Amino acid sequence: MSILVDADSRVLVQGITGGEGTFHTRQMVEYGTNVVAGAVPGKGGQEVDGIPVYDTVGAAAREEDADTSVVFVPPAFAADALLEALDARLDLVVAITEGIPQQDMSRVYRKLRETDTTLIGPNCPGVITPGEAKLGILPGNIFSAGEVGLVSRSGTLTYQVVDNLTQRGIGQTTAVGIGGDPIIGTDFVGILERFEADTRTKAVVMCGEIGGEDEEEAARFISEYMDTPVAGFIAGRTAPPGKRMGHAGAIVSGGGAGTAQSKIDALNDAGVPVGDTPEEVVDHIEDVL
Amino acid sequence: MSILVDADSRVLVQGITGGEGTFHTRQMVEYGTNVVAGAVPGKGGQEVDGIPVYDTVGAAAREEDADTSVVFVPPAFAADALLEALDARLDLVVAITEGIPQQDMSRVYRKLRETDTTLIGPNCPGVITPGEAKLGILPGNIFSAGEVGLVSRSGTLTYQVVDNLTQRGIGQTTAVGIGGDPIIGTDFVGILERFEADTRTKAVVMCGEIGGEDEEEAARFISEYMDTPVAGFIAGRTAPPGKRMGHAGAIVSGGGAGTAQSKIDALNDAGVPVGDTPEEVVDHIEDVL
Amino acid sequence: MKLHEYQAKGVFADAGVPVPASRLASTVDEAVAAADEIGYPVAIKAQVQVGGRGKAGGIELVDDAEEAREAADAILGMDLKGLHVDRVLVEEAVDFVDELYVGVTMDRTEGEPVAMVSTRGGVDIEEVAAQDPEAIAREHVDPVFGMQPYEARKAVYGAGVDRAVARDVSSILGTLYDLWAARDATELEVNPLMVTGDDEVIAADAVMNIDGDALFRQPDLAEMEDEAAGDDLEAKANEYGFDYVRLEGNVGIIGNGAGLVMTTLDLVDHYGGAPANFLDIGGGAKAERVTNALDMVFSDENVEAVVFNIFGGITRGDEVATGINEALEGFDEIPKPVVVRLAGTNAAEGMEILNTDLVTVEATLEEAVQRAVAYAQDRAGATTGGSA
Amino acid sequence: MKLHEYQAKGVFADAGVPVPASRLASTVDEAVAAADEIGYPVAIKAQVQVGGRGKAGGIELVDDAEEAREAADAILGMDLKGLHVDRVLVEEAVDFVDELYVGVTMDRTEGEPVAMVSTRGGVDIEEVAAQDPEAIAREHVDPVFGMQPYEARKAVYGAGVDRAVARDVSSILGTLYDLWAARDATELEVNPLMVTGDDEVIAADAVMNIDGDALFRQPDLAEMEDEAAGDDLEAKANEYGFDYVRLEGNVGIIGNGAGLVMTTLDLVDHYGGAPANFLDIGGGAKAERVTNALDMVFSDENVEAVVFNIFGGITRGDEVATGINEALEGFDEIPKPVVVRLAGTNAAEGMEILNTDLVTVEATLEEAVQRAVAYAQDRAGATTGGSA
């Protein structure tokens with residue numbers, strides 16, 4: 002058991018013939034991911050490392066029985082690629098692309114809500130089930146199989162925390178980067194409920210950051226529905242209002258909404274300890290394992 | 002029991018201050034319809050024959066507890082009015098307006114499918130439950146209460162058939178004009194299933210016409226799901242292909258789709274007798290009552 | 005409202021769809037001059053609203069000025085399926101290696117547009133649809149989203165269009181959809197969309213039907229409407245604002261409401277007559293509209309008798325009767341016999357007003373139709389008899 | 005990217021939203037000439053990107069040329085919350101009887117836009133939202149449908165806007181929404197939307213934030229970007245393409261990935277230091293980017309020490325190390341001490357390349373931050389000590 006992806010997932014890569022697409026497809030295959038097809042308009046009939054490429058996602062999914070897509074399409078064309086993936090009724094779509102215009106994502110999100118597809122991202126490092134498969138750009142070597150689920154809005158912060166976990170001998174069931182944009186497909190709650198239902202996951206690390214109300218919603222969910230212990234980390238305590246801290250979604254509004262403190266308070270109220278440093282988060286996890 | 006509307010329906014009129022709106026509101030009230038409000042932007046606070054007018058449908062529905070709307074808004078503004086009615090989550094919306102652009106209706110239809118509201122029309126004469134209430138522009142005096150349900154794409158053809166029924170002493174449960182446009186809210190099947198479920202309705206008259214495939218779908222529905230006997234009439238046997246016969250929806254395509262003959266055949270195959278004249282339809286109904 | 009080929013091509017070209025060089029001509033000299041300017045070979049194409057122009061001799065391919073003159077002379081002034089040809093489009097002849105079909109239409113059952121692409125262009129697409137439906141790729145479009153690039157590609161690759169031109173065809177399909185949406189079209193097609201040896205694509209024909217109910221917000225297309233009307237009487241009907249269709253028979257028909265008028269036509273046929281027209285005066289018609297309607301039907305020289313069938317809902321019998329009186333009282337002799345049936349709102353008042361010296365009144369629809377058919381047959385017989 | 009008031013008003017006016025007459029001026033003489041032309045009274049408004057300009061003395065209402073000269077002289081060149089004022093907008097003063105608020109923003113929780121209307125305009129709307137949320141009518145908009153006229157009316161009548169101007173306000177809200185959608189705005193507001201005694205409405209202020217990720221398709225707005233950047237260093241960051249935010253502290257921070265950089269800032273604070281900036285070099289950065297990043301941070305005169313924290317995923321440690329060497333080897337003396345922590349992809353290779361004579365290396369994030377904080381405190385103390 003694992004959430005979202007395992008060694009049996011049949012993965013197609015949108016944008017497989019681009020530089021990033023080709024590079025990370027190789028990394029994914031090396032890690033053991035079952036990449037069965039690529040989709041790039043006009044490149045149908047070609048192959049990338051023996052993986053057949055199709056002109057449309059529909060054809061790739063149909064011919065190779067793919068159920069999962071990883072999207073490396075450049076931002077100007079990414080919304081179209083995501084809509085195409087939704088139209089093909091895949092189970093899971095992981096959007097790596099950074100810099101998709103918000104209004105494009107707003108329209109994609111509208112369509113997403115009419116489908117049964119799970120979208121992770123965009124602007125995310127991907128999903129990994131250590132030892133089984135990875136989708137996206139996460140560096141596989143820092144992960145180790147184990148019992149802790151991890152969900153984060155940030156890529157490199159995820160690596161930092163995973164590294165700390167792994168160095169302390171604590172492995173992971175699945176790690177999910179949900180993405181740093183204001184509008185993302187699956188939020189913390191969407192991942193937390195999967196971890197809660199996953200019998201292998203004994204504890205969860207949740208790395209939030211300033212902006213939005215996702216962490217507050219997660220706190221409500223944890224308090225109401227979760228038995229699995231959760232430890233938290235919130236980045237951006239020192240961020241001033243009105244300034245975007247890198248991620249399009251990491252911004253404290255002029256009115257003070259989305260501050261780190263409000264998120265930390267909400268998590269604490271839900272019984273979730275929040276570490277001041279990544280090491281402290283690992284301490285909390287060690288306490289409950 | 003009756004379908005769609007009865008004396009308890011709480012009706013609001015969109016466009017109540019316009020000429021047509023005011024005239025037909027009076028007719029509806031005279032017939033016994035419970036008209037509780039009107040909605041016209043900028044006319045809030047006024048009254049029409051003592052009926053309070055609101056600026057928005059939402060306010061009218063909320064303040065007067067309306068569940069049904071009749072729409073007399075001119076075609077250029079009608080789609081907006083219908084979207085407003087859908088947004089107010091009414092149970093039933095009857096769109097009288099003729100001449101709404103097709104693409105406007107296509108967008109309304111898209112929204113309609115996301116709601117629980119029943120839309121009748123546009124370009125329809127309305128709905129009447131004789132002796133209880135009428136919604137729209139049907140001349141109340143030709144109807145009589147009884148056991149026959151009637152559903153029709155055409156207004157005056159409805160009157161003709163109802164007149165024939167009434168003259169022969171056959172009353173009606175409810176008569177529904179579903180409208181003559183290519184895109185309408187509720188099709189024949191939507192009304193037939195309500196008549197089938199209505200214990201008072203002992204037989205149904207269905208008046209179709211050329212264009213589209215609604216009658217063919219109705220035939221399939223009748224054959225599979227209906228026990229109540231149905232008699233049919235199809236207008237437009239003599240219509241040439243490619244010419245619009247008045248109704249925007251009444252057109253036989255260049256490829257021959259939508260002909261009267263295909264509809265008559267489909268109904269006959271479903272066991273529905275189709276009259277050559279309105280009088281013959283009434284003969285068929287007399288046979289089964 | 006159906007645009008002429010030259011009008012549709014103008015709209016397409018403005019939107020960036022490649023079309024062949026062409027010029028409109030209404031005289032033989034203009035046509036030859038246009039052909040000389042474009043360069044031979046050219047096609048000379050009758051601009052009338054009928055299908056199968058080619059088979060009927062309305063399109064000729066010519067290689068030089070002499071042939072151009074001959075063809076223009078033959079086509080200009082010809083009668084094509086009942087319509088007079090008064091203009092030809094002189095158009096660059098395109099060398100092609102392939103003919104595709106692309107179109108957008110409203111799927112009324114789904115209430116949303118559908119795009120269609122086929123590699124079987126250049127032939128009657130309805131026949132392809134009937135005989136080999138798999139040869140047409142269909143892609144439904146969410147009318148609110150509009151056609152997304154991936155949907156165009158899905159249809160184009162799905163139809164098996166060659167990869168060398170798939171990108172251009174997808175882009176043209178996207179443009180056509182945008183036009184369809186922006187210009188309130190009900191139907192729009194390019195058949196054939198020609199593919200040249202250099203992998204260029206070019207719209208060799210263009211069909212565009214506009215939603216008459218949306219012309220109020222398409223003023224430039226509305227201006228094309230009068231010109232597009234095929235028939236003098238249909239042009240007159242446009243002017244009066246009637247729903248009117250001309251047919252081949254001799255019983256003129258006037259009524260209120262599309263379904264009831266169609267039924268009246270059907271009954272004329274049922275009782276052995278032949279309807280001359282469909283004419284719906286609409287709901288709530290006043291006396292003047294009634295007068296105009298009678299004027300329309302009298303103007304049709306094929307008409308031998310008229311049936312006037314009104315079931316009043318919002319239309320009032322007294323208004324109708326007044327209109328009939330006004331229309332007929334102007335004549336020294338009533339040009340064609342008129343049978344009137346009035347029912348519904350204010351029918352009784354109408355009957356009192358109606359000048360029954362001028363018309364024949366019948367109580368039921370069936371009786372009125374039978375009477376009109378009989379009149380028409382009598383008069384047609386008399387005419388035939390007279391000339392024998 | 006936030007537009008200046010004068011830029012936003014230009015965009016609004018082009019779309020048909022009524023705005024007061026105004027002219028931009030960068031000298032006192034220009035300002036007085038503009039005021040003379042517009043006619044008194046006028047407002048003289050500092051064009052800088054800070055909230056609460058009025059309270060801070062950045063807006064003056066003047067009645068004649070002399071007052072205009074005084075006000076322009078006072079405002080031009082003033083320092084407003086750390087930003088230098090080099091331009092003022094000279095604007096017709098509008099007589100109003102009412103001040104409304106209208107705005108459109110992205111509700112990120114719902115993933116769709118929300119329009120807001122309030123009769124409590126002219127004050128900080130965030131405060132109204134906090135204290136009296138009922139005073140703001142909110143209407144979510146389906147991003148695919150776009151705002152429908154009824155939705156604008158619902159918000160406007162729902163907010164209790166006077167019926168005399170409700171129609172105009174609804175129409176302005178519709179226009180603002182269309183602008184929001186067409187121009188890739190993330191936030192857009194008019195506060196106050198003034199209502200005059202003649203029931204005219206006019207946008208007395210204008211806020212428009214544009215989605216930086218969409219500037220590629222908004223070329224005219226992208227051109228406004230450099231001008232809109234508030235600070236020299238922020239302008240430089242735009243040029244280099246960095247995500248950069250300047251802060252008040254003295255520990256310069258460079259890292260890869262927004263979350264990790266924010267965490268580094270937080271740790272600086274946690275260990276008693278004060279971050280000078282947020283600087284994310286992004287994923288997969290090459291040596292040149294690293295050099296540019298160091299250049300940026302060294303240019304900040306407040307910076308006393310730098311922490312360079314990289315956790316390589318697609319960013320490679322060897323590239324980072326090369327970039328650091330190149331940046332520092334050009335100096336005779338390293339301007340500010342640099343602490344480096346490298347982990348992840350090719351960290352070992354990076355460590356071999358790195359010239360450890362020029363930087364201090366630490367193995368963990370915590371140690372690196374503590375070391376940089378200590379350096380900064382030492383140097384700051386030394387400076388203070390020196391000047392004492």
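Chains as they are written, first to last, in this note's numbering: chain L, 2 to 290; chain Y, 2 to 290; chain E, 5 to 392; chain X, 5 to 392. For glycine and all other residues, C-beta sits at the position ideal for the given N, C-alpha and C. For clarity, every value in this text was computed on a predicted model and none was experimentally measured.
Chain E within 7 Å of residue i, Cβ atoms only
{"i": "L:Pro123", "result": "no"}
{"i": "L:Asp117", "result": "no"}
{"i": "Y:Pro102", "result": "yes"}
{"i": "L:Asp105", "result": "no"}
{"i": "L:Glu85", "result": "yes"}
Three-state secondary structure assigned by DSSP to residue i
{"i": "E:Ala97", "result": "coil"}
{"i": "Y:Gly22", "result": "helix"}
{"i": "L:Ala271", "result": "coil"}
{"i": "E:Tyr44", "result": "coil"}
{"i": "L:Gly137", "result": "strand"}
{"i": "X:Arg320", "result": "coil"}
{"i": "L:Ser153", "result": "strand"}
Neighbour flag for residue i against chain L, beta carbons, 7 Å
{"i": "X:Ala392", "result": "Unreliable positioning characterises X:Ala392 in this predicted model, as indicated by a pLDDT of 39, which lies under 50. A coordinate reading is not provided."}
{"i": "X:His88", "result": "no"}
{"i": "E:Pro45", "result": "no"}
{"i": "X:Asp215", "result": "yes"}
{"i": "E:Pro153", "result": "yes"}
{"i": "X:His399", "result": "Nothing about residue 399 of chain X can be reported from this structure: the residues present for chain X run from 5 to 392 only."}
{"i": "E:Arg157", "result": "yes"}
Exposure label - residue i; buried when at least 16 CB within 10 Å
{"i": "X:Leu303", "result": "Note that residue 303 of chain X corresponds to Ser in the displayed sequence, not to Leu. X:Ser303 comes out exposed."}
{"i": "E:Ile42", "result": "buried"}
{"i": "L:Gln168", "result": "exposed"}
{"i": "L:Asn165", "result": "buried"}
{"i": "Y:Asn142", "result": "exposed"}
Chain Y contact for residue i (CB, 7 Å cutoff)
{"i": "X:Lys340", "result": "no"}
{"i": "E:Gly150", "result": "no"}
{"i": "X:Arg142", "result": "no"}
{"i": "X:Tyr181", "result": "no"}
Neighbour flag for residue i against chain X, beta carbons, 7 Å
{"i": "L:Leu158", "result": "yes"}
{"i": "L:Ala232", "result": "no"}
{"i": "L:Lys244", "result": "yes"}
{"i": "Y:Gly59", "result": "yes"}
{"i": "L:Pro75", "result": "no"}
{"i": "L:His248", "result": "yes"}
Residue i - partner residues in DSSP beta bridges
{"i": "X:Phe16", "result": "Paired residue(s): none; X:Phe16 is not in a bridge."}
{"i": "E:Met110", "result": "E:Pro117"}
{"i": "E:Gly348", "result": "E:Gly316"}
{"i": "E:Asn281", "result": "E:Arg250"}
Please list, in chain order, the residues of the stretch 163–178 of chain E that have any C-beta partner in chain L closer than 9 Å. Arg167, Ala170, Arg171, Ser174
Give me the subset of the stretch 121–146 of chain Y whose CB atoms are less than 9 Å from a CB atom of chain X, sorted by chain position. none
Short-range partners of chain Y found in the stretch 244–257 of chain E, where Cβ spacing is below 8 Å: Asp247, Val249, Leu251
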